[in-house]
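The structure appears right after this line, and notes come after that.
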Amino acid sequence: MVIFSGIQPTGRKHLGNYIGAILNYVKGQDKADPAIYCIVDLHGTTVQYDPAELRQRTRETAALLVAAGLDPERCVLFRQGDVQEHSELCWLLSSVTSVGQLNRMHQFRDKAGAARDRVSAGLLFYPVLMAADVLAYRANEVPVGEDQREHIELMRDAAEAFNKRFGETLVVPEANIPTVGARVRDLKEPERKMSTTGGTPQGTVYVDEEPESIVKKFKKAVADSGSEIVVRDDKPGISNMIEILAVVRDTTPAEIEREFEGSGYGAFKTAVGEEVAAWLAPVREKYLEIKDDTAYIESFLEVGASKARAIAAPIVADVREAMGVGPVR
Ligand code: ATP
Ligand code: MG
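Taken in order, the sequence shown gives residues -2 to 326; the numbers are from our numbering.
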């Protein structure tokens, strides 16, 4: 079984990325052959950005993944832009993806907002490049957070449409979305997801954040009206913290509800903050140890890129051939 997933280098990665995606990347190393992860720097060019910062953040994101438990020798860990097959397959797949479908994507609508006609064409094309990322490896499973469900549907549609029109060539992948923690919410505005580019600074907990600062953010998190500690639709703030703690302790939300029944919101928020801070501390320490070791990071990314290319090149060659692009091999 092949696992593939990508993560953006557009900013400091947060607790939502960690719980919704990175934890499953780490688990994937033990069950996939191979588990393939990439830092999607090409996706990072779809919004306003600074080139030097993009390069720097890409390395930092790679370092963070290693600090979280990815082993560059046990998985394939690389930078998207280093493997040109992604860009080529993106173009080829554009022939089986409709403009209407891309226009309807929630992420595009959210990120473009009112400026829909003025944003980069790359932002509209984001899901096609993402489809190429996954389909270039004939991946079976894609670990992602809930917000990516729609993009996985789109890539499944593209793979099915391709196979129907050009013959069985691509694997139709499945999403692997966690049952708890698939959509970690912003602590200040719990109606929306914690996000690298769109969240509130005080409501976003970074994986590499100082423990004291993490505790402070939880203490100041928006709790809901009332005093019950239960998961319920009208309690997005408290429900979020219950889910977070359930993941940290590797237990169920119901267990957390039972334990904190009758506690006040203040005590509950402090408990969650302290446990999250302690849980992330070793990842932060390891990250600080390696994040400035550019030579080390570049060297494992280079090895990763050549492993990735070796898998993707023959698959993209099959796609070209099926589509009538270039000579028969
Ligand atoms: P941006 O806001 O710029 O899109 P992001 O915070 O969504 O950034 P990505 O790099 O796009 O970060 O996402 C990496 C992975 O983290 C994806 O699998 C995504 O589904 C997951 N993810 C992102 N935010 C959350 C969240 N709040 N809860 C759970 N999973 C999340
Ligand atoms: Mg995102």
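Beta carbons are placed, not taken as given, at the ideal position from N, Cα and C, and that holds for glycine.
- Spatial neighbours of residue 49 in its own chain (CB-CB distance under 8 Å, excluding positions within 5 residues in sequence) are not present.
- For residue 250, the uninterrupted alpha helix (DSSP H) segment begins and ends at 250 to 257.
- In the same chain as residue 166, and ignoring 5 residues on each side of it, the C-beta atoms closer than 7 Å to its own belong to 159, 160, 315, 316, 319, in chain order.
- With fewer than 16 other Cβ atoms inside 10 Å of its own Cβ, residue -2 counts as exposed.
- Ligand 2 has a heavy atom closer than 7 Å to the beta-carbon of residue 5.
- Following the DSSP letters along the chain, one finds residue 87 inside the alpha helix (DSSP H) bounded by residues 82 to 90.
- Looking at the backbone, the Cα of residue 253 and that of residue 243 are separated by about 6 Å.
- The straight-line gap separating the alpha-carbon atoms of residue 20 and residue 261 is approximately 30 Å.
- When C-beta atoms of the segment 114 to 133 are compared with those of the segment 69 to 86, three or more pairs fall below 8 Å, so the two segments count as touching.
- Cβ-Cβ distances below 8 Å link residue 156 to 128, 132, 167, 168, 169, 170 in the same chain, with the five nearest sequence neighbours on each side left out; the list follows chain order.
- Between residue 208 and residue 268, the C-beta gap is not smaller than 8 Å, which leaves the two residues out of contact.
- Using a cutoff of 7 Å, the CB of residue 190 counts as near ligand 1, since one of the ligand's heavy atoms is closer than that.
- Ranking 141, 56, 36 by CA distance to the CA of residue 25 puts 141 first.
- The Cβ atoms of residue 235 and residue 251 lie no closer than 8 Å to each other.
- When DSSP states are grouped into helix, strand and coil, residue 316 belongs to the helix group.
- Secondary structure at residue 177: coil, using DSSP grouped into helix, strand and coil.
- For residue 239, same chain residues with a beta-carbon under 6 Å away, outside a window of 5 residues either side, are 228, 250, 253 in chain order.
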